[in-house]
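Reminder that position 68 of the sequence shown reads as 67 in numbering that gives the first Met the number 0, one-by-one numbering, no gaps. Have a look at the structure below before the remarks.
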Amino acid sequence: MQDVSVLIFPSEPVLTAPANTCNTAFVLPAVTPVVGFTVQYSINGGAWATAPTIPTSPGCHTIAARYVLTADCGPTLAGASGDGINGTPTVPVLTAQQ
(Lines of atoms letter the chains of each structure in order from A and count residues from 1; the text may use other names and numbers.)
(Lines give C-alpha, C1' and ligand atoms only; values in the text may rest on other atoms or scores of the structure.)
Protein backbone atom coordinates (compact mmCIF):
# COMPACT_ATOMS: atom_id res chain seq x y z
CA MET A 1 0.00 0.00 0.00
CA GLN A 2 1.25 3.46 -0.85
CA ASP A 3 0.56 6.56 1.24
CA VAL A 4 -0.61 9.61 -0.66
CA SER A 5 -0.38 13.17 0.66
CA VAL A 6 -2.90 15.67 -0.62
CA LEU A 7 -2.94 19.38 0.07
CA ILE A 8 -5.98 21.44 -0.82
CA PHE A 9 -5.35 25.16 -0.98
CA PRO A 10 -8.14 27.47 0.14
CA SER A 11 -10.01 29.50 -2.46
CA GLU A 12 -8.27 32.74 -3.34
CA PRO A 13 -8.92 35.56 -0.86
CA VAL A 14 -11.79 37.93 -1.56
CA LEU A 15 -10.86 41.60 -1.28
CA THR A 16 -13.36 44.37 -0.69
CA ALA A 17 -12.38 47.76 -2.05
CA PRO A 18 -12.11 50.41 0.66
CA ALA A 19 -14.31 53.49 0.53
CA ASN A 20 -13.00 56.15 -1.84
CA THR A 21 -11.70 58.79 0.56
CA CYS A 22 -9.23 61.62 0.26
CA ASN A 23 -6.43 62.57 2.63
CA THR A 24 -6.48 59.26 4.49
CA ALA A 25 -3.73 56.71 4.92
CA PHE A 26 -3.79 53.69 2.63
CA VAL A 27 -4.88 50.56 4.52
CA LEU A 28 -4.63 46.97 3.30
CA PRO A 29 -8.03 45.31 3.06
CA ALA A 30 -8.72 42.58 5.61
CA VAL A 31 -8.44 38.97 4.46
CA THR A 32 -10.11 36.08 6.27
CA PRO A 33 -7.37 34.04 7.99
CA VAL A 34 -7.02 30.34 7.15
CA VAL A 35 -5.25 27.98 9.57
CA GLY A 36 -1.92 26.77 8.16
CA PHE A 37 -1.61 29.65 5.70
CA THR A 38 -0.39 33.23 5.78
CA VAL A 39 -1.54 36.05 3.50
CA GLN A 40 0.71 37.78 0.99
CA TYR A 41 -0.17 40.96 -0.90
CA SER A 42 0.96 42.37 -4.23
CA ILE A 43 0.43 46.09 -4.73
CA ASN A 44 0.41 47.55 -8.24
CA GLY A 45 1.76 44.26 -9.64
CA GLY A 46 4.82 44.32 -7.38
CA ALA A 47 6.49 41.49 -5.48
CA TRP A 48 4.40 39.38 -3.11
CA ALA A 49 4.98 40.15 0.59
CA THR A 50 3.28 39.55 3.93
CA ALA A 51 4.03 43.16 4.90
CA PRO A 52 4.24 45.08 1.61
CA THR A 53 5.39 48.67 1.29
CA ILE A 54 2.25 50.78 1.50
CA PRO A 55 1.84 53.42 -1.24
CA THR A 56 2.15 57.00 -0.01
CA SER A 57 1.23 58.69 -3.27
CA PRO A 58 -2.40 59.61 -3.86
CA GLY A 59 -4.18 57.76 -6.62
CA CYS A 60 -5.65 54.40 -7.52
CA HIS A 61 -3.74 51.25 -6.63
CA THR A 62 -4.31 47.59 -7.47
CA ILE A 63 -4.10 45.03 -4.69
CA ALA A 64 -3.98 41.24 -4.99
CA ALA A 65 -3.83 38.74 -2.13
CA ARG A 66 -3.00 35.05 -1.92
CA TYR A 67 -2.66 32.35 0.72
CA VAL A 68 0.80 30.83 1.27
CA LEU A 69 1.50 27.56 3.10
CA THR A 70 3.27 28.16 6.44
CA ALA A 71 4.77 24.67 6.97
CA ASP A 72 5.77 21.67 4.87
CA CYS A 73 2.87 19.34 4.09
CA GLY A 74 4.07 16.06 2.60
CA PRO A 75 5.97 16.87 -0.60
CA THR A 76 4.57 20.42 -0.71
CA LEU A 77 7.07 22.82 0.85
CA ALA A 78 6.31 25.79 3.07
CA GLY A 79 5.98 28.94 1.01
CA ALA A 80 3.98 27.24 -1.74
CA SER A 81 0.99 29.17 -2.98
CA GLY A 82 -2.05 28.07 -4.89
CA ASP A 83 -3.86 29.95 -7.59
CA GLY A 84 -7.20 28.25 -7.04
CA ILE A 85 -7.00 26.59 -10.46
CA ASN A 86 -6.98 22.83 -10.58
CA GLY A 87 -5.85 21.10 -13.73
CA THR A 88 -7.16 17.81 -15.06
CA PRO A 89 -5.21 14.93 -13.57
CA THR A 90 -3.45 12.55 -15.92
CA VAL A 91 -4.88 9.08 -16.32
CA PRO A 92 -2.89 6.50 -14.34
CA VAL A 93 -1.13 3.75 -16.28
CA LEU A 94 -1.66 0.26 -14.91
CA THR A 95 0.73 -2.56 -15.65
CA ALA A 96 -0.37 -6.14 -15.10
CA GLN A 97 1.99 -8.15 -12.92
CA GLN A 98 2.86 -11.63 -14.13
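Backbone N, C-alpha and C fix where the C-beta goes; we use that ideal spot for every residue, glycine too.
Pairwise C-alpha distance: T55 and I42 | The alpha-carbon atoms of I42 and T55 are separated by roughly 12 Å.
Which residues DSSP lists as bridging I42, in chain order = Within the DSSP bridge table, the entry for I42 names I62 as partners.
With which residues is F25 paired in a DSSP beta bridge?
-> In the DSSP output, where bridge partners are listed per residue, F25 has none listed.
To the nearest angstrom, how far is it from the Cα of A46 to the Cα of Q1?
-> Distance between the alpha carbons of A46 and Q1: 39 Å.
Would you kindly work out how many angstroms separate the C-alpha atoms of A18 and F8, rounded to a whole number?
-> Computed Cα separation, rounded: 30 Å.
Please name the residue, chosen from Q39, A48 and C59, that lies closest to A24 on a Cα-to-Cα basis.
-> Nearest option by C-alpha distance: C59.
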